[in-house]
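Novice: Got a structure here, written out as structure tokens. Questions coming.
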Amino acid sequence: MPCNLNFNQCNSFINFPTPIYNCRCRLIALLNASTTTVINPTTVLSNVSFVATAQTILPQGNIVSTLNSNFTGAITVDSAGNITLPTGRYLITTTINGVIPTNATAEFALYQNGAEVSASRMQTSGTAGTSFSASMNNVVTVAGVFETFAIKNVNSVNQSINNASIFVQRVL
């Protein structure tokens, strides 16, 4: 079990994203009372990236992306842009480059199992026909065995994008 030996008590507590257990008092004899040794927690790399090329997205339509890299094998995407994640906690980072639509607002949101993720809406306004670049970051928890995620156009008009990237990182 990983230990943080910079404290003088025998407590354990949660540090994001992985717990660090304080075991100084149990290991003091072994380490000869050292207070400068820190043993970092074990991390499991689980990163995947997706890319989307130029496309027009209907209202409530998904950004259709393809798998760019996959370090885990358990994270997938289908032809409709639905990303499937296994149980865990993830940071999802999305960057979208496109053209402001006719109603002067580009608007996207992250959806989990068909429902909009709270506080995930990204909106940018400007002159119709001008370019925009926007990004959003969301931390989500997958409680089921597998859950589906998608980045949707939540605007009332079609949205043209030049490209987009989606990066998913497991944060335990």
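FYI, the numbering used here numbers position 141 of the sequence shown as 1637, with every residue one higher than the one before it. Using N, Cα and C, we set each Cβ at its ideal position, and we do this for glycine too.
Hey, which unbroken runs of the alpha helix (DSSP H) at 4 residues or more fall wholly within the region 1548-1621?
Specialist: none
Novice: Rounded to whole angstroms, what is the Cα-Cα separation between Phe1628 and Ala1600?
Specialist: As a first step, residue 1628 must be located in the sequence shown, where it is residue number 132. As a first step, residue 1600 must be located in the sequence shown, where it is residue number 104. For Phe1628 and Ala1600, the distance between alpha carbons rounds to 11 Å.
Novice: Helix, strand or coil for Val1667 per DSSP?
Specialist: For the purposes of this step, residue 1667 is taken as the residue at position 171 of the sequence shown. Looking at Val1667 - three-state DSSP - the assignment turns out to be coil, as it is neither helix nor strand.
Novice: Assign Thr1590 to buried or exposed, taking buried as 16 or more other Cβ atoms, counted over all protein chains shown, within 10 Å of its Cβ.
Specialist: Counting from 1 along the sequence shown, the entry for residue 1590 is found at position 94. By the neighbour-count rule (16 or more Cβ atoms within 10 Å), Thr1590 is buried.
Novice: For Ser1627, does the three-state DSSP call read helix, strand or coil?
Specialist: Here residue 1627 refers to the residue found at position 131 of the sequence shown. Residue state, collapsed to three classes: strand.
Novice: Who pairs with Ala1660 in a beta bridge, going by DSSP?
Specialist: Taking the first residue of the sequence shown as 1, we reach residue 1660 at position 164. Its beta-bridge partners are Ala1548, Ile1592.
Novice: Which one of Leu1587, Asn1651, Asp1574, Ala1624 has the shortest CA to CA distance from Leu1554?
Specialist: As a position in the sequence shown, residue 1554 is number 58, starting the count at 1. It is Asn1651 whose Cα lies nearest to the Cα of Leu1554.
Novice: Hey, out of Ser1565, Val1573, Asn1654, Thr1623, whose CA is closest to Phe1604's CA?
Specialist: Your numbering for residue 1604 matches position 108 in the sequence shown. That would be Asn1654, whose Cα lies nearest to the Cα of Phe1604.
Novice: For a test of the three-state rule: what should DSSP assign to Val1641, helix, strand or coil?
Specialist: As a working note, residue 1641 is residue 145 in the sequence shown. Three-state DSSP puts Val1641 in a strand.
Novice: Assuming Ser1616 and Met1632 are in contact, meaning their beta carbons sit under 8 Å apart, how far apart are those beta carbons, in whole angstroms?
Specialist: If you number the sequence shown from 1, residue 1616 lands on position 120. If you number the sequence shown from 1, residue 1632 lands on position 136. Confirmed, Cβ separation roughly 6 Å.
Novice: Measure the C-alpha to C-alpha separation of Ile1592 and Val1664 and round it to an integer number of angstroms.
Specialist: For the purposes of this step, residue 1592 is taken as residue 96 along the sequence shown, with counting starting at 1. For the purposes of this step, residue 1664 is taken as residue 168 along the sequence shown, with counting starting at 1. Distance between the alpha carbons of Ile1592 and Val1664 is about 15 Å.
Novice: Please name the residue, chosen from Thr1549, Ala1576, Gln1551, that lies closest to Thr1644 on a Cα-to-Cα basis.
Specialist: Against the sequence shown, residue 1644 aligns to sequence position 148. It is Ala1576 whose Cα lies nearest to the Cα of Thr1644.
Novice: For Ala1660, collect the residues of the same chain with a Cβ closer than 6 Å to its Cβ; drop the 5 residues on either side in sequence, then sort them by chain order.
Specialist: Indexing the sequence shown from 1 puts residue 1660 at position 164. Result list for Ala1660: Ala1548, Ile1559, Ile1592, in chain order.
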